[in-house]
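Just so you know, the sequences run in chain order A and B. Okay, so the first sequence: first residue is 1 according to the working numbering, each after it adds one. Okay, so the second sequence: first residue is 365 according to the working numbering, each after it adds one. The beta carbon of each residue, even a glycine, is placed where N, CA and C say it ideally should be. The structure displayed is predicted, hence computed values, not measured ones.
There are 2 protein chains.
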Amino acid sequence: MKISDLDTPAVLIDIDVMERNLQNMSNYCAAHGLRLRPHTKTHKIPELARLQLRLGASGITVAKLGEADVMADSGVNDILIVYPLLGEKKLDRLMRLAERVRCAVAIDSLDVAQGISRAALTAGVTVGVRVEFDTGFGRCGLPITEDSVETAKRIRELASLRWEGVLTYPGHIMGTAAEREILLATENNRLSTLKELLDRQGVDCEVVSGGNTPAAYISHRFKNVTEIRPGTYIFNDKNTVCAEAATYRDCAATVLTTVVSASVTGKVMVDAGSKTLSADPLLSGLKLGYGEVVNYPDAMIEDLSEEHGHLNVRKVRNPPKLGERLRIVPNHICTCINLHDRVYGCSGEDVVVQWEVKGRGEVQ
Amino acid sequence: MKISDLDTPAVLIDIDVMERNLQNMSNYCAAHGLRLRPHTKTHKIPELARLQLRLGASGITVAKLGEADVMADSGVNDILIVYPLLGEKKLDRLMRLAERVRCAVAIDSLDVAQGISRAALTAGVTVGVRVEFDTGFGRCGLPITEDSVETAKRIRELASLRWEGVLTYPGHIMGTAAEREILLATENNRLSTLKELLDRQGVDCEVVSGGNTPAAYISHRFKNVTEIRPGTYIFNDKNTVCAEAATYRDCAATVLTTVVSASVTGKVMVDAGSKTLSADPLLSGLKLGYGEVVNYPDAMIEDLSEEHGHLNVRKVRNPPKLGERLRIVPNHICTCINLHDRVYGCSGEDVVVQWEVKGRGEVQ
């Protein structure tokens with residue numbers, strides 16, 4: 001089948017670009033002695049998780065138990081859940097998971113850790129734990145203080161937990177390459193302080209896990225980090241390009257779309273709106289627009305309805321015509337793919353495989 | 365089953381509130397001799413479409429052929445597709461649909477109309493058509509000119525099409541009630557001009573279709589409008605409330621969520637991020653925040669990660685605690701529900717039914 005045989009909208013994955021992205025990250029991690037544990041929330045596709053493992057990943061990361069189950073069902077057997085798991089239902093599911101694969105969780109509360117410990121003891125399983133510290137993103141994670149390290153120490157001693165180390169999410173290390181460089185200095189001060197506090201209390205950490213896509217290729221300059229968990233790098237997206245962490249040639253995922261209306265002066269409408277691209281904003285510059293139109297750099301996706309992408313084409317010399325097919329690089333590929341039941345793997349103009357987004361809809 | 369038995373995140377529908385919303389709209393339309401053709405893109409749930417029909421709707425509206433198929437499969441037999449249908453694949457699907465239910469399409473291009481006419485002639489079916497005019501939203505629709513009415517006239521004469529009339533989408537009639545009042549005057553000038561042009565060329569219109577949720581209850585004051593197509597009114601959402609078109613007591617849909625982290629000062633994290641709520645912006649005021657936290661009006665959902673809602677609780681006297689369950693009224697319920705495979709119908713604290721979002725994922 002050819003791409004021209006597909007109806008629109010449809011998510012296309014350029015397999016050659018994707019494999020190059022994966023290989024480059026594997027090579028980089030190998031060269032710097034970093035372990036790579038990709039976050040599969042970007043694609044939620046078991047076949048791609050297994051490809052990442054074949055190309056050198058040491059395990060995978062997920063956000064939700066439902067995603068972990070889907071991945072375990074497909075044979076992935078080393079899964080980190082970077083999400084706080086509370087409540088009896090989730091603990092039961094975690095125990096079932098721990099019975100069949102090696103799994104670990106990120107934790108930022110003694111309460112949550114105690115809950116998992118009790119459940120694991122009862123179930124007769126072991127669950128890996130990593131205590132999350134907040135290095136500045138301000139989302140989850142304990143503050144870097146002596147008290148927090150004391151908490152980590154208590155968590156390390158809980159029954160039926162396998163102590164692995166610490167974890168951070170450097171979501172604040174963003175912006176341009178130059179901006180990240182400035183942020184890196186502060187980050188390293190924090191990572192050094194954390195290490196000192198951990199050493200002082202004798203808390204050994206086999207794993208210091210960090211890493212996101214924008215900063216992935218400078219991960220070796222993050223102090224003490226042993227493992228990274230980038231997700232988006234498999235495809236990249238407009239946010240990654242604007243963060244100077246990829247070029248459009250490195251963007252493996254595009255949305256194939258059709259111009260469905262050209263009745264309003266200065267605009268054309270495409271069949272990719274917020275239910276196809278997601279309304280996630282551009283994170284840099286003026287934060288305007290909902291994606292990059294391939295071959296029409298002067299077209300601005302200025303608004304999204306649920307099923308319409310509103311292209312402002314006033315600055316485009318030869319605007320796309322009714323019926324013309326366009327490709328869009330979304331702002332944020334993770335939330336885009338999460339809207340689709342399937343994506344199409346392509347090589348050149350050939351559609352060579354269809355992948356089900358099996359983890360989509362696994363909100364719990 | 366009780367709501368307390370559900371794991372989080374989960375979308376809850378208060379059935380009593382929903383039915384009241386439906387009944388009120390039916391009563392309003394009946395009182396003003398308007399036909400009600402609800403847009404089911406809000407829920408994509410066949411059972412709710414059938415409920416809307418039982419409570420007085422004269423047919424339904426959808427955006428996508430896939431949604432139409434799901435609705436037709438469930439027994440809905442009068443479907444308007446308010447979306448331009450281009451390309452052989454879509455025309456084939458439209459013909460299959462027209463063979464089994466009464467269907468109509470909105471069109472703003474002679475080319476598209478001719479494509480449908482040819483396909484219908486070949487297939488031996490009839491497809492209803494309504495020509496879309498742009499009254500100011502600037503998305504789809506022909507401009508209100510003599511030339512456009514000439515185009516409508518030509519479309520009316522095409523073979524195998526059933527001429528129904530004209531259609532507008534007043535998506536620009538938004539803001540507060542007072543702001544809408546000002547916009548209504550301009551809208552009525554345009555609707556009057558359109559009527560004059562149509563009359564002058566002898567284009568009779570059984571249907572003049574308009575209407576969105578924010579302006580639904582002033583639809584009788586839109587000149588010549590015979591039918592409205594609101595979608596959100598079945599549930600309402602924060603955008604509807606901020607548009608003064610509903611109160612929070614009229615919001616039937618909430619996202620049940622749990623506080624999963626409270627480690628960062630001044631914030632708590634809930635398990636409802638952009639993959640649960642959608643990142644659709646608030647459309648009024650400062651356009652800040654990603655939903656309303658029930659019972660915590662001073663908590664601000666200031667940011668969304670994919671799986672985390674970042675609540676700023678600095679202004680909250682007794683902030684929610686780790687493990688506490690909250691309910692959130694999303695900014696935009698249509699894109700929220702579109703992220704979920706199922707929703708839970710509740711009456712008081714009882715979960716009485718589970719509905720599959722069957723049309724979700726039908727992007728084509």
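query	result
Ordered list of beta strand (DSSP E) runs contained in the region 288 to 317 of chain A, each at least 3 residues	300 to 304, 309 to 312
CA-to-CA distance, Glu292 of chain A to His308 of chain A, given in whole angstroms	15 Å
Enclosing beta strand (DSSP E) for Leu256 of chain A [first to last residue]	253 to 261
Residue-chain proximity (Arg466 of chain B, chain A), Cβ-Cβ < 8 Å	no
Cβ neighbour criterion (16 or more within 10 Å) applied to Ile546 of chain B	exposed
Contact under 8 Å by Cβ, Arg494 of chain B with Glu528 of chain B	yes
C-beta atoms of Ala462 of chain B and Val489 of chain B nearer than 8 Å	yes
Runs of beta strand (DSSP E) wholly within the region 167 to 192 of chain A (minimum 3 residues, chain order)	none
Ala541 of chain B at chain A interface by Cβ criterion, 8 Å	no
Contact belief for Val727 of chain B with Pro9 of chain A at Cβ below 8 Å, rounded distance in angstroms	5 Å
Bridge partners - Ile526 of chain B, DSSP secondary structure assignment	One detail in the question is off: residue 526 of chain B reads as Arg in this sequence, not Ile. B:Gly492, per the DSSP bridge assignment.
Outcome for Thr247 of chain A when other beta-carbon atoms lying within 10 angstroms are tallied against a minimum of 16	exposed
Contact residues within the region 702 to 720 of chain B, judged by C-beta distance below 8 Å to chain A	Asn702, Leu703, His704, Asp705
Extent of the continuous beta strand (DSSP E) run through Cys710 of chain B	706 to 711
Beta-carbon proximity check, Val166 of chain A vs Cys140 of chain A, cutoff 8 Å	no
Under 8 Å (Cβ pairs) to chain A, residues found in the region 660 to 676 of chain B	Ser669, Glu670, Glu671, His672, His674
Beta strand (DSSP E) runs wholly inside the region 85 to 159 of chain A, at least 3 long, in chain order	102 to 107, 127 to 132
8 Å Cβ cutoff, Asp371 of chain B in contact with chain A	yes
Leu288 of chain A classed as buried or exposed, judged by whether at least 16 other C-beta atoms fall within 10 angstroms	exposed
Cβ neighbours of Ala159 of chain A in the same chain (closer than 6 Å, five flanking residues each side left out)	Ser117, Leu121
Short CB-CB distance (under 8 Å) between Pro38 of chain A and chain B	no
is_contact[Ala113 of chain A, chain B] using C-beta, thresh 8 Å	no
Simplified DSSP assignment, three categories, for Tyr45 of chain A	The question names Tyr, but residue 45 of chain A in the sequence shown is Ile. Of the three classes helix, strand and coil, the one that applies to Ile45 of chain A here is coil, per DSSP.
Three-way DSSP call (helix, strand, coil) for Ser219 of chain A in this model	helix
Element boundaries [alpha helix (DSSP H), containing Met71 of chain A]	65 to 73
Pair within 8 Å by beta-carbon distance, Leu429 of chain B and Ile598 of chain B	no
8 Å Cβ shell around Ile424 of chain B - same chain, five flanking residues per side excluded	Arg401, Pro402, His403, Thr404, Ala413, Gln416, Leu417, Met435, Val440, Asp442, Ile443, Leu444
Any chain B beta carbon closer than 8 Å to Val166 of chain A	no
Residue range of the unbroken alpha helix (DSSP H) whose run includes Gln387 of chain B	379 to 395
Proximal chain A residues relative to Pro448 of chain B, where beta-carbon distance stays under 7 Å	Val260, Ser261
Contact test: Leu525 of chain B Cβ vs the ligand GDP heavy atom, cutoff 7 Å	In the structure shown, the ligand GDP is absent, as is every other ligand, since no ligand is present at all.
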